[in-house]
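Enquirer: Following the numbering used here, the numbering of the sequence shown begins with 1 at its first residue and continues without gaps.
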Amino acid sequence: MSMYRQLWLSILASMLIALFASLFASLMNARGYLETQLSMKNQDNATTLALALSQGDTDADDVVLAVTALFNSGHYELIQVIDPNGKPIVEKVHTGADLGAPGWFVRALPLSVSPGQAEISRGWKRLGTVTLMSRAQFAYKSLWNTALTMTGAILAAGLLGGILVTLVLRRLREPMHAVISQAHAINEHRFISIPEPNVPELRELASAMNDTVGRLKARFEEDARLYEGLRRIANFDVMTGLANRTFFLASLEHALETDESLFGALAIVRVGRLNRINRQHGRAATDELLVRIGRAVGELTTCCAGSFAGRLNGADFALLLPAGCNHREPMEELLDELLRAAEPIGGPDTLAYIGFGNFRQGDNPTHLLARIDAAVATAELTGTGCVVEAVTEDASALPETADQWRAALRHALQHKDDLKLVHHAIHLNGDNAPHRECPLRVRLDEDSDWLTASRFLPQAERLGLVQELDLATLTLALAELEANARIGGLWVNVSASTMADPEFQRQMLHLFEAHRRAAPASGWRFPRPAVGVAWPLCAPWRANSNPWVYASVLNTMAITSTRSACSTTWAWTSSRSIVASYTTSTRTPAIRRSSPGFARSPTASVFRSSPRVSRTNRNWTCSWPWASMASPDWRCTRREILTDWPPPLKKGE
1 MSMYRQLWLS ILASMLIALF ASLFASLMNA RGYLETQLSM KNQDNATTLA
51 LALSQGDTDA DDVVLAVTAL FNSGHYELIQ VIDPNGKPIV EKVHTGADLG
101 APGWFVRALP LSVSPGQAEI SRGWKRLGTV TLMSRAQFAY KSLWNTALTM
151 TGAILAAGLL GGILVTLVLR RLREPMHAVI SQAHAINEHR FISIPEPNVP
201 ELRELASAMN DTVGRLKARF EEDARLYEGL RRIANFDVMT GLANRTFFLA
251 SLEHALETDE SLFGALAIVR VGRLNRINRQ HGRAATDELL VRIGRAVGEL
301 TTCCAGSFAG RLNGADFALL LPAGCNHREP MEELLDELLR AAEPIGGPDT
351 LAYIGFGNFR QGDNPTHLLA RIDAAVATAE LTGTGCVVEA VTEDASALPE
401 TADQWRAALR HALQHKDDLK LVHHAIHLNG DNAPHRECPL RVRLDEDSDW
451 LTASRFLPQA ERLGLVQELD LATLTLALAE LEANARIGGL WVNVSASTMA
501 DPEFQRQMLH LFEAHRRAAP ASGWRFPRPA VGVAWPLCAP WRANSNPWVY
551 ASVLNTMAIT STRSACSTTW AWTSSRSIVA SYTTSTRTPA IRRSSPGFAR
601 SPTASVFRSS PRVSRTNRNW TCSWPWASMA SPDWRCTRRE ILTDWPPPLK
651 KGE
């Protein structure tokens, strides 16, 4: 029961108690008054009757007649006359049942009336005694009417009092409700002031509450600023303003666990050559570069509704992308924006790599991050800023951490049964001998599938195991050439970093010396940055007339790039000539490239001066003379103007 109802009932009950007490007192007074009046009336009537009977010579019959006449003409309950001996001379008793009031009322308020008595005498002689009792019907009726009147008045007064109490409490309730609403608003962090009522006590309460609200508002605002600062420090990167690693990974886990999540893809952006930029330009410039990169990544979240960006570590940024849309185009646009933002600080050599892939609710976040990270590592191997989409697969079959990858690749290198070359037949112009391209395949354990280079090479590059894998590749290739003399040539894949390493060059030359019978028929493929070191490596076999030592760019994967995508093919033919096909195409929305082929056109002429350049239908053709050669030339085909053409070879080599 509410306080107002209790107060209302208390006041009303108090009023009713007071009124009923007044009613009771009034009834008691009325009953006493009626009892006194009836007793006096009884005595007066008895005395009058006794005086009347004492006059003259009155016998018994006269007494009976006088008593009967009085009884019939008045309202008496009892008239009795007895002689001195106690024998009744006459006795009249009323036998009616009408009491003038309800029986319960009569029983509740009985009238105690004394009968009137008087002596009948003549001189000094006592003739008898008269006893008289008037009827109480009229007294009860009067008392009942008084009770009814008082009860009606009390009820009316109680009703009026209840109305007045209700009005007063309603007036008091409004300020109390305002205080209660103010308290609820405080719980909801809404700080409002209320008007002060006229009631002194409530005015003090409202004033105290308003003062409290003012202090709480100031305190909460201060705490809110402090909390927001701590929240940003705990969940956001101070430099870029993006979500930090902990907050982003928590959001990723929530997206993978929640069926109603709007996210459906994860992208990782890596800034390349950040350490070199830090060494060359200083920490301030590097920080400014990261701020620009973070701003560009953050702007994608405003353009692509439903995205969420974060920074994982120094050079890595991440994006949660909405489901149900094409993510390649915004990733390519982001790559362009990143390169434009970074160029004023890091120069045109600043690179960015993006790997992205879709996910489903319920995927393991560790496997997902490993899959996207592998795509970024694949993009790094291209040497140019590009976007790589992660292969959708069961990542649980692959190692997840760097230590697991290192252990698995070490195991494969130690157990040669887990390494093999896959043969793909190729045919070169002007040569009918069968040649084979032999990319390396790795098996991490006996029960797993054979992995392509795009699967294990990015991790091997990070762990520094590429050189050992390349040396194992050459060893397997030479073993196959020794075992099968009918093979006209083999193409094997060698990374650029490996070819540029002097220690690997020494090991490779030593390996070829150990397999001199098969070495002239051997070949290798490597990325364009290693072209400059390829020709000196061939020096030990320049005087050898055995055919075919090949080198070409390893470019068998589908990529998207914002920089020029180059492919270069070199061949050392049996006539000791060099034929090169050098093709470069500028960025398109999706450039899909495969292993380049050899130059198909025969040697046109020999020049001993500067290269001669001609242009036909947007194709650039250049013939570069070679002083020590009789007939071959260097032929270059280009779709757009090259900024770094021709490739770095010294004349006369």
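Ideal placement from N, C-alpha and C gives every residue a C-beta, glycine not left out.
For clarity, every value in this text was computed on a predicted model and none was experimentally measured.
Hey, could you find the ends of the beta strand (DSSP E) C438 is sitting in?
Expert: Note, C438: premise wrong, no beta strand (DSSP E); not H, not E.
Enquirer: In terms of alpha-carbon separation, which member of M239, A374, H327, A267 lies closest to D287?
Expert: Among M239, A374, H327, A267, the Cα nearest to that of D287 belongs to M239.
Enquirer: Are T130 and A46 close, meaning C-beta to C-beta below 7 Å?
Expert: Sequence inspection shows Val at residue 130; the Thr mentioned does not correspond to that position. Closer than 7 Å, so yes.
Enquirer: Buried or exposed: where does F24 fall if 16 or more other Cβ atoms within 10 Å of its Cβ makes it buried?
Expert: Result: exposed.
Enquirer: Just the C-alpha distance for T475 and L511, rounded to the nearest angstrom, thanks.
Expert: For T475 and L511, the distance between alpha carbons rounds to 8 Å.
Enquirer: Three or more C-beta pairs closer than 8 Å, one from the region 346-357 and one from the region 382-391: is that the case here?
Expert: Contact between the region 346-357 and the region 382-391 is present, because at least three Cβ pairs lie under 8 Å.
Enquirer: Which residues does DSSP list as the beta-bridge partners of S121?
Expert: According to DSSP, which records beta bridges pairwise, S121 is partnered with R126.
Enquirer: Mark M508 as exposed unless 16 or more other C-beta atoms lie within 10 angstroms of its C-beta, in which case mark it buried.
Expert: Buried.
Enquirer: For the alpha helix (DSSP H) that contains A500, what are its first and last residues?
Expert: Note, A500: premise wrong, no alpha helix (DSSP H); not H, not E.
Enquirer: Go ahead and label I154 buried or exposed: buried means 16 or more other beta carbons lie within 10 angstroms of its beta carbon, across all protein chains shown.
Expert: With 16 or more Cβ atoms within 10 Å of its Cβ, I154 is classed as buried.
Enquirer: Go ahead and pull the three-state DSSP assignment for M133.
Expert: DSSP places M133 in strand when its eight states are reduced to three.
Enquirer: What do you get for G362, buried or exposed, if any count of 16 or more other CB atoms within 10 angstroms of its CB means buried?
Expert: The residue is exposed, with fewer than 16 neighbouring Cβ atoms inside 10 Å.
Enquirer: Please list the terminal residues of the continuous beta strand (DSSP E) segment that includes N358.
Expert: Element bounds for N358: 351-358.
Enquirer: My output table needs one value for N493: the three-state DSSP class, helix, strand or coil.
Expert: N493: strand per DSSP, three-state reduction.
Enquirer: May I have the straight-line CA-CA distance separating G96 from T151, to the nearest angstrom?
Expert: C-alpha separation (whole angstroms): 29 Å.
Enquirer: Is DSSP giving K217 helix, strand or coil here?
Expert: Of the three classes helix, strand and coil, the one that applies to K217 here is helix, per DSSP.
Enquirer: If we count Cβ pairs, one from each stretch, closer than 8 Å, do we get three or more for the region 190-210 versus the region 227-238?
Expert: Contact fails: fewer than three Cβ-Cβ distances are below 8 Å.
Enquirer: If you scan the region 181-266 from start to end, which runs of the alpha helix (DSSP H) of 4 or more residues do you find wholly inside it?
Expert: You should have 200-235, 245-257.
Enquirer: Could you compute how far the alpha carbon of A101 sits from the alpha carbon of P197?
Expert: C-alpha separation (whole angstroms): 54 Å.
Enquirer: Is DSSP giving K655 helix, strand or coil here?
Expert: Outside the shown range of the chain (1 to 653) lies residue 655, about which nothing can therefore be said.
Enquirer: Counting Cβ pairs, one atom from each stretch, are 3 or more of them under 8 Å apart for the region 261-270 and the region 363-380?
Expert: Because the criterion of three Cβ pairs below 8 Å is met, the region 261-270 and the region 363-380 touch.
Enquirer: Quick check on this structure: which residue in T302, E221, E77 has the alpha carbon closest to the alpha carbon of H189?
Expert: Checked all of T302, E221, E77; the closest Cα to H189 is E221.
Enquirer: Considering only DSSP beta bridges, list what P322 is partnered with.
Expert: Answer is F263.
Enquirer: Ends of the beta strand (DSSP E) at V714?
Expert: Lying before the first or after the last residue shown, residue 714 is absent from the chain, which here runs from 1 to 653.
Enquirer: If you draw a straight line from the C-alpha of V168 to the C-alpha of M28, how long is it?
Expert: Those two C-alpha atoms are separated by around 34 Å.
Enquirer: Report the partner residues of Q80 according to the DSSP bridge assignment.
Expert: Per DSSP, E91, T131.
Enquirer: Please report the distance separating the alpha-carbon of L465 from that of D501.
Expert: Rounded to whole angstroms, L465 to D501 spans 13 Å at the Cα level.
Enquirer: How about L19 and A156: are their beta carbons less than 7 Å apart?
Expert: Cβ atoms of L19 and A156: not closer than 7 Å.
Enquirer: For S307, which residues in the same chain have their Cβ closer than 7 Å to its Cβ, ignoring the five residues on either side in sequence?
Expert: Counting only Cβ-Cβ distances below 7 Å, and skipping sequence neighbours, we find L300, T301, L319, L320, L321, P322.
Enquirer: Can P439 and N484 be called in contact, C-beta distance under 7 Å?
Expert: Not a contact, by the Cβ cut-off of 7 Å.
Enquirer: Rounded to whole angstroms, what is the Cα-Cα separation between V297 and I192?
Expert: Whole-angstrom Cα-Cα distance: 41 Å.
Enquirer: Look at the alpha carbon of D316 and the alpha carbon of D417, and state the distance between them as a whole number of angstroms.
Expert: Approximately 37 Å between the Cα atoms of the pair.
Enquirer: Answer with buried or exposed for L274, where buried requires no fewer than 16 other C-beta atoms within 10 angstroms of its C-beta.
Expert: Buried, since its Cβ has 16 or more Cβ neighbours within 10 Å.
Enquirer: Kindly give me the distance between the Cβ atoms of T146 and S22, rounded to whole angstroms, as I take these residues to be in contact under 8 Å.
Expert: So it is not a contact: roughly 12 Å between Cβ atoms.
Enquirer: Hey, how far is the Cα of P527 from the Cα of P458?
Expert: Only weak support is given to the placement of P527: the predicted model assigns it a pLDDT of 44, under 50, and the question is left unresolved by the model.
Enquirer: Helix, strand or coil for T643, going by three-state DSSP, please let me know.
Expert: Low confidence applies here, because T643 scores a pLDDT of 31, under 50, leaving its location unreliable and the question unanswered by this model.
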